[in-house]
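Top to bottom, those sequences are chains F and C.
For the first sequence, the tail end lands on 466 under my numbering, and the numbers increase by one without skipping.
For the second sequence, the tail end lands on 466 under my numbering, and the numbers increase by one without skipping.
Heads up, the beta-carbon is just placed ideally off N, CA and C, and yes, glycines get one too.
Right, one structure below, let's go through it.
Protein chains: 2
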Amino acid sequence: MPGETSVARFQTKPISGARDFLPLDVLRRQYVIDVIERVYQSYGFEPLDTPVMERLDTLLGKYGEEGDQLIFRVAKRGAKLQRALADAPTQDEIADAGLRYDLTVPLARIVAEYSNQLPRYFKRYHIAPVYRADRPAKGRFREFYQCDLDVVGSSSKLVEAEVLNAGAQVLQELGFHGRDASGFLLRLNHRGVLRGLMEITGVPAGLESEALVAVDKLDKIGLDGVEKELRSRGIDQTASTALLDLTATAPEETDAALCWLEEKLVNSDNGAQAVTELKNVVTLTQTGPAADHIRIDPYLARGLSYYTGPIYEIEFPTLSGSGGAGGRYDDLIGMFSNRSIPACGFSLGLERILLIMEERGLFPQKLAGQPQVLITNFDSETLAANIELAHALRQTGLRVDHYPDPDNLGRQFRYAEERNIPVALLLGGNELAAGTVTVKDLTSGEQESVAHADVADHLRAGLH
Amino acid sequence: MPGETSVARFQTKPISGARDFLPLDVLRRQYVIDVIERVYQSYGFEPLDTPVMERLDTLLGKYGEEGDQLIFRVAKRGAKLQRALADAPTQDEIADAGLRYDLTVPLARIVAEYSNQLPRYFKRYHIAPVYRADRPAKGRFREFYQCDLDVVGSSSKLVEAEVLNAGAQVLQELGFHGRDASGFLLRLNHRGVLRGLMEITGVPAGLESEALVAVDKLDKIGLDGVEKELRSRGIDQTASTALLDLTATAPEETDAALCWLEEKLVNSDNGAQAVTELKNVVTLTQTGPAADHIRIDPYLARGLSYYTGPIYEIEFPTLSGSGGAGGRYDDLIGMFSNRSIPACGFSLGLERILLIMEERGLFPQKLAGQPQVLITNFDSETLAANIELAHALRQTGLRVDHYPDPDNLGRQFRYAEERNIPVALLLGGNELAAGTVTVKDLTSGEQESVAHADVADHLRAGLH
């Protein structure tokens, strides 16, 4: 409407389900990512990066029908789009690309494309955003980070041990200790255990995946809910009850749980083999960071159908939702290569870990990257000397902001406080004549005079 | 076709114009980004991050008509898409989002949305990929990184000095020194100088932007080419010749060039004011890292119409194309806020800098992040002791890979060499009995026996 332009409100919020990160948010996220990256690297993993967009063909059909609907499609361009639009098109005909849905399908593509350039065991980590056109909700975003760790090429259970240890060490270094309220559990199970339990309780082979889907919801809907769901998915009362009764009696303690499973599954080939593998994983983690956190959980199912061996999930006691999860998936990585390639991995849920760290106050008070010193702006006569001082301090590694305008000092100090800068320096005519700098502590308000040549050392001592 | 499934070739290359980065690529990119980030932070800048997708409305109309065509559009979903597709839709009706085209429009959106939370001067850096549906070519990608540095809120020319110094310091720390073949130039000009030159040579005010577009092509098409283009854009022979003759006589040396401009532009208000500002910028950079690299270039135009003051571009002598560029753009940041907000920034061209660093061999031999030690896999009896060793070494900060399978040693060593791991450790039955570890230098082939307790120190000494 004419005349309204000057009051028009532009929509300046980020797009639905995505977030803007202001400096403190970025620094906190970066602090966590740096720890994850350092630990992943200490386990011999190397970084991989792939485009945000993948061919639509690469993405479709990999995540089930529901997954296909959650892929953000990128439209074709120019004449190709015109042709597609001309003739009652579908969503897949107008698009030729999509935003990546996870970091696992890109890994499978990489393994197929660069097989000659990759080492015998490809140990990669990938920390990057993924995209899902899901309904946004508290804690559920359409753009969110995954922190993946995978080993491609080995069936050794040492791989599981390394991956679990790396995940546990990340959380320990972030401040999660023990397995009680302030710590975390690594719930561990095996797809073969689940299959064995179904065999011996009489769930028909054809209904195993139906049963898995139901069992996977135990956290959300409880035992009664799962039983109802098992029934609704065609599993009869006897089998449902037997399955749930059986797992309800599993002991908590790891060795006892493994013995119990061994006994119960002695007549199931699938089950017996799985228990042997689980025991192997537990033995191999015994001297590492994961040891104190592992809990055998015969209920743990993990929704994704591609898992083939051990599966695991991070649980924060007293909090719902998972902080990460993974497992062995020996048939997925080879999908673009037409061969079977063993693989095993783990993904940390960055968003959830950040949320819990915030609740528990686990971030350091001072985050690396924030400016440490403000050089005030006095007048045009002393500006050159102030610029020189800024440069000299930066050369020593200090993070130095320089107030751009010759404003009144109160305003300059307020700006420093707003930005969390703890110290301001004043270098005016008097200081220049005396060869000093006035150092003002903005927390205490105290100020002192320091010889020009000593300022860097003085600041460094004060900042530590 | 039936029977062909097993030989079907999936397309596993990355999408056109985008790249996969294998570990060494990522580590090299990360090395450069780390330097950029450290220097930016040392100048008091803080990180910002925004979503890869923006509302289509936010992006359209900001980059000219050509730019609008280069925006990757993300399709609407579900019923909204169905409705849009039903009725002879256009490319803008089927999409509700687009991939960001640069990091400047997102900054403008952030300044409008969070004005209450941002400090008086907002000094942010943003290192992230941007997307353009351009025709891919050598060195031109559809997904590429920008490394932006901007100060919002001040008109002080100290801001220009800080931004130029930060850019220069990044390049110096990456190994570019001086202004000759192995170094770089910061070509500096001012939009007001260009305007002034046109005034005094008789280019009509209405044709100034036409003339700017032509002058901006000097690098690519030479003086004759520019003259032809000026003529074809409606600028008469006299003005064209005068404009080109005039700038051709500008002295190389900075102070001389400024004096020359001052003389020539004494009768142009625009021009005189611009020269004063340029002199100010030059004076304020005199004691910083940019000082030795600045060259006044009255031809430099920079294509983007949003610049309002000083403009600059990094040039690598003997190489075409720019390594970064920026300028003052006082009218753009306020576009979502309906107010005028001064701003000045700089963007380093990561891809081009990486390319030149590779050509000149400027990457360090050893990149942080690569594994340093391989623990070999002996047999199942000694595996636990080997896992313990791996864990102990990682605790000291070493990056340790552990070979997953009990393979023959030659194969294990080859794997280490493939991955550039310089040292392998052997801890078998004999070593365990003797309390030692055999340390094999994979470069020389030599091996020695080291007491178990001393291995970490021994490795650390050898790796440095």
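Contact list for residue i against chain F, beta-carbon separation under 8 Å
{"i": "His179 (chain C)", "result": "What His179 (chain C) touches in chain F: nothing, since even the nearest Cβ is about 15 Å away."}
{"i": "Arg21 (chain C)", "result": "Pro53"}
{"i": "Gln13 (chain C)", "result": "Arg57, Asp59, Thr60"}
{"i": "Ala77 (chain C)", "result": "Phe74, Arg75, Val76, Ala77, Gln93, Ile96, Ala97"}
{"i": "Leu465 (chain C)", "result": "By Cβ distance, chain F contributes nothing, its closest Cβ being about 14 Å from Leu465 (chain C), past 8 Å."}
Cα-Cα separation, residue i to residue j
{"i": "Ala276 (chain C)", "j": "Pro312 (chain C)", "result": "8 Å"}
{"i": "Gly290 (chain C)", "j": "Val425 (chain F)", "result": "22 Å"}
{"i": "Gln372 (chain F)", "j": "Lys125 (chain C)", "result": "11 Å"}
{"i": "Ser339 (chain F)", "j": "Glu67 (chain F)", "result": "23 Å"}
{"i": "Pro131 (chain F)", "j": "Phe146 (chain F)", "result": "5 Å"}
{"i": "Ala453 (chain C)", "j": "Leu385 (chain C)", "result": "18 Å"}
{"i": "Asp152 (chain C)", "j": "Cys346 (chain C)", "result": "6 Å"}
{"i": "Arg134 (chain C)", "j": "Arg142 (chain C)", "result": "10 Å"}
{"i": "Met3 (chain C)", "j": "Ala213 (chain F)", "result": "Because the pLDDT at Met3 (chain C) is just 36, under 50, the model does not fix this residue reliably, and the point stays unresolved."}
{"i": "Thr285 (chain C)", "j": "His179 (chain C)", "result": "21 Å"}
{"i": "Val34 (chain F)", "j": "Gly236 (chain C)", "result": "58 Å"}
{"i": "Pro408 (chain F)", "j": "Gly447 (chain F)", "result": "21 Å"}
{"i": "Thr240 (chain F)", "j": "Glu317 (chain F)", "result": "31 Å"}
{"i": "Leu29 (chain C)", "j": "Leu369 (chain C)", "result": "7 Å"}
{"i": "Ala259 (chain F)", "j": "Leu434 (chain C)", "result": "32 Å"}
{"i": "Asn272 (chain C)", "j": "Glu279 (chain C)", "result": "11 Å"}
{"i": "Gln367 (chain F)", "j": "Glu265 (chain C)", "result": "56 Å"}
{"i": "Gln449 (chain C)", "j": "Arg111 (chain F)", "result": "39 Å"}
{"i": "Arg1 (chain F)", "j": "Ser242 (chain F)", "result": "The structure shown has nothing for residue 1 (chain F), since chain F only spans 3 to 466."}
{"i": "Leu166 (chain F)", "j": "Ala274 (chain F)", "result": "22 Å"}
{"i": "Pro16 (chain C)", "j": "Arg57 (chain F)", "result": "8 Å"}
{"i": "Ala207 (chain C)", "j": "Tyr116 (chain C)", "result": "38 Å"}
{"i": "Asp94 (chain C)", "j": "Lys78 (chain F)", "result": "12 Å"}
Inter-residue CB distance, residue i and residue j (contact presumed, cutoff 8 Å)
{"i": "Gln171 (chain F)", "j": "Asp104 (chain F)", "result": "About 23 Å; that fails the 8 Å criterion."}
{"i": "Gln344 (chain F)", "j": "Gly155 (chain F)", "result": "The sequence given here has Pro at residue 344 (chain F), not Gln. That belief holds up - the Cβ atoms of Pro344 (chain F) and Gly155 (chain F) are roughly 7 Å apart, short of 8 Å."}
{"i": "Gly326 (chain F)", "j": "Ser349 (chain F)", "result": "6 Å"}
{"i": "Asp403 (chain C)", "j": "Gly204 (chain F)", "result": "About 46 Å; that fails the 8 Å criterion."}
Partner residues on chain C for residue i, Cβ-Cβ distance less than 9 Å
{"i": "Tyr45 (chain F)", "result": "Pro373, Ala392, Arg396, Arg401, Val402, Asp403, His404"}
{"i": "Ile389 (chain F)", "result": "Leu160, Ala163, Glu164, Asn167, Leu286, Thr287, Gln288, Thr289, Gly290"}
{"i": "Arg233 (chain F)", "result": "Ordered by position in chain C, no residue passes the 9 Å Cβ test against Arg233 (chain F), which lies about 32 Å from the chain."}
{"i": "Val153 (chain F)", "result": "Pro406"}
Residue from the options whose Cα sits closest to the Cα of residue i
{"i": "His128 (chain C)", "options": "C:Leu260, C:Ile389, C:Thr52, C:Arg413", "result": "C:Thr52"}
{"i": "Ala455 (chain F)", "options": "F:Arg416, F:Ala392, F:Asn422, F:Glu231", "result": "F:Ala392"}
{"i": "Leu427 (chain C)", "options": "C:Gln397, C:Gln374, C:Glu210, C:Asn167", "result": "C:Gln374"}
{"i": "Leu196 (chain C)", "options": "C:Ala114, C:Gly169, C:Ala303", "result": "C:Ala303"}
{"i": "Glu315 (chain F)", "options": "F:Leu321, F:Tyr309, F:Gly328", "result": "F:Gly328"}
{"i": "Ala81 (chain C)", "options": "F:Thr92, F:Gln174, F:Pro406", "result": "F:Thr92"}
{"i": "Gly363 (chain F)", "options": "F:Leu176, F:Glu201, F:Ala168", "result": "F:Leu176"}
{"i": "Asn388 (chain F)", "options": "F:Gly323, F:Leu429, F:Val268", "result": "F:Leu429"}
{"i": "Leu400 (chain C)", "options": "C:Leu461, C:Val161, C:Leu190", "result": "C:Leu461"}
{"i": "Gln43 (chain C)", "options": "F:Arg416, F:Leu376, F:Tyr417, F:Phe415", "result": "F:Leu376"}
{"i": "Asp257 (chain C)", "options": "C:Asp294, C:Ala114, C:Asn269, C:Ala99", "result": "C:Asp294"}
{"i": "Arg467 (chain C)", "options": "C:Gly323, C:Trp262, C:Gly431, C:Thr445", "result": "Within the shown structure, residues of chain C are numbered from 3 to 466, placing residue 467 (chain C) beyond reach of any answer."}
Any non-hydrogen atom of the ligand SAH closer than 7 Å to residue i Cβ
{"i": "Asp104 (chain C)", "result": "You won't find the ligand SAH in this model; it holds no ligand whatsoever."}
Contacts of residue i in chain C (Cβ-Cβ under 7 Å)
{"i": "Ser156 (chain F)", "result": "Pro406, Asp407"}
{"i": "Ile296 (chain F)", "result": "Residues of chain C passing the Cβ test: none, with the nearest at roughly 15 Å."}
{"i": "Ile17 (chain F)", "result": "Pro53, Met55, Glu56, Arg57, Ala99"}
{"i": "Tyr116 (chain F)", "result": "Leu24"}
{"i": "Ala135 (chain F)", "result": "Arg79"}
Contact set between residue i and chain F, taken where Cβ atoms lie within less than 9 Å
{"i": "Gln119 (chain C)", "result": "Leu24"}
{"i": "Leu129 (chain C)", "result": "Reading the sequence as shown, one finds Ile at residue 129 (chain C) and not Leu. What Ile129 (chain C) touches in chain F: nothing, since even the nearest Cβ is about 10 Å away."}
{"i": "Arg102 (chain C)", "result": "Simply none; closest approach about 10 Å."}
{"i": "Ala386 (chain C)", "result": "Thr285, Leu286, Gln288, Thr289"}
Contacts that residue i makes with chain C (C-beta to C-beta distance below 8 Å)
{"i": "Lys125 (chain F)", "result": "Asp403"}
* Asked: Okay, do the stretch 117–134 of chain F and the stretch 243–250 of chain F touch, 3+ Cβ pairs below 8 Å being the bar?
  -> no
* Asked: With contact counted as at least three CB pairs below 8 Å, one residue from each stretch, are the stretch 340–356 of chain C and the stretch 439–451 of chain C in contact?
  -> no
* Are at least three pairs of beta-carbons, each pair with one atom in the stretch 69–81 of chain F and one in the stretch 18–38 of chain F, less than 8 Å apart? -> no
* When the Cβ atoms of the stretch 76–93 of chain F are set against those of the stretch 42–62 of chain C, are three or more pairs found closer than 8 Å? -> no
* Given 8 Å as the limit, is there contact between the stretch 249–265 of chain C and the stretch 293–301 of chain C, that is, 3 or more CB pairs closer than that? -> yes
* Asked: For the stretch 415–439 of chain F, which residues have a beta carbon sitting closer than 7 Å to at least one beta carbon of chain B?
  -> Absent from the structure is chain B; the protein chains it does hold are F and C.
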